[in-house]
Ligand SMILES: [Zn+2]
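In the working numbering, the protein residues as written are 160 to 347.
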């Protein structure tokens with residue numbers, strides 16, 4: 160299902176678990192990041208090293224489905240609006256506005272994509288990477304018959320930042336907790 164070609168232009172190809180079309184992730188040397196052009200559907204990221212849980216590293220999937228919280232989208236839109244307000248050039252402003260509209264269509268998408276994402280997680284072929292917002296992320300993956308999860312950026316005080324469970328339900332609770340991490344927190 161997955162192939163990795165190491166050559167002049169490294170890429171990873173796989174089938175999107177939601178729309179079943181081919182996805183190619185290509186390594187962009189200047190940025191040092193893996194990019195996929197798979198618009199209006201799931202976004203993916205490549206994870207080379209999984210967090211160690213309980214001092215143990217596990218073998219897991221490499222491709223993670225990005226689950227962008229509505230909060231993180233709203234935050235990104237506000238950031239772009241600020242950029243737009245400070246931009247004097249009309250053509251650049253139009254580009255930023257197009258970006259804002261694109262982002263706004265993603266609101267609510269994570270919720271809709273969650274069943275497909277959970278199926279993909281269950282298969283073991285994909286992990287999930289929740290983008291909570293404000294530099295907080297949570298990763299969930301399956302290794303053997305268990306699901307592992309680790310959040311990053313929320314500080315050590317958060318007791319919900321790690322899971323190891325054989326229950327898919329618990330894995331899903333972990334995902335939705337981090338999808339809505341900021342919803343219950345009052346932010347000015
Ligand atoms: Zn797709």
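We put the beta carbon where it would ideally sit given N, CA and C, even for glycine. Predicted model only: the values in this text are computed from it and were never measured.
With a CB to CB cut of under 6 Å and the five nearest residues on each side skipped, what residues in its chain are close to residue i?
| i | result |
| --- | --- |
| residue 294 | 312 |
| residue 291 | 228, 337 and 340 |
| residue 259 | 236 and 239 |
Nearest-angstrom Cα distance between residue i and residue j?
| i | j | result |
| --- | --- | --- |
| residue 171 | residue 238 | 31 Å |
| residue 204 | residue 251 | 28 Å |
| residue 285 | residue 225 | 10 Å |
| residue 335 | residue 188 | 34 Å |
| residue 269 | residue 194 | 19 Å |
| residue 321 | residue 182 | 30 Å |
| residue 308 | residue 212 | 8 Å |
| residue 289 | residue 184 | 19 Å |
| residue 342 | residue 233 | 12 Å |
| residue 202 | residue 327 | 22 Å |
| residue 199 | residue 266 | 12 Å |
| residue 275 | residue 247 | 42 Å |
| residue 298 | residue 222 | 11 Å |
| residue 332 | residue 220 | 20 Å |
In the DSSP assignment, the beta strand (DSSP E) including residue i goes from what residue to what residue?
| i | result |
| --- | --- |
| residue 296 | 295 to 302 |
| residue 307 | 305 to 311 |
| residue 181 | 181 to 187 |
| residue 227 | 222 to 227 |
| residue 204 | 202 to 205 |
DSSP state of residue i, grouped into three classes?
| i | result |
| --- | --- |
| residue 272 | helix |
| residue 292 | strand |
| residue 285 | coil |
| residue 324 | strand |
| residue 195 | strand |
| residue 172 | strand |
| residue 242 | helix |
| residue 252 | helix |
| residue 215 | strand |
| residue 342 | coil |
For residue i, which residues from the same chain have a beta carbon less than 7 Å from its beta carbon, with the 5 sequence-adjacent residues on both sides left out?
| i | result |
| --- | --- |
| residue 305 | 323, 324 and 325 |
| residue 279 | 176, 224 and 285 |
| residue 217 | 209, 302 and 307 |
| residue 263 | 236 |
So if I measure from each beta-carbon to every heavy atom of ligand 1 and keep distances below 7 Å, which residues remain? Every residue passing the under-7 Å Cβ criterion appears here: 175, 177, 178, 180, 182, 197, 200 and 201.
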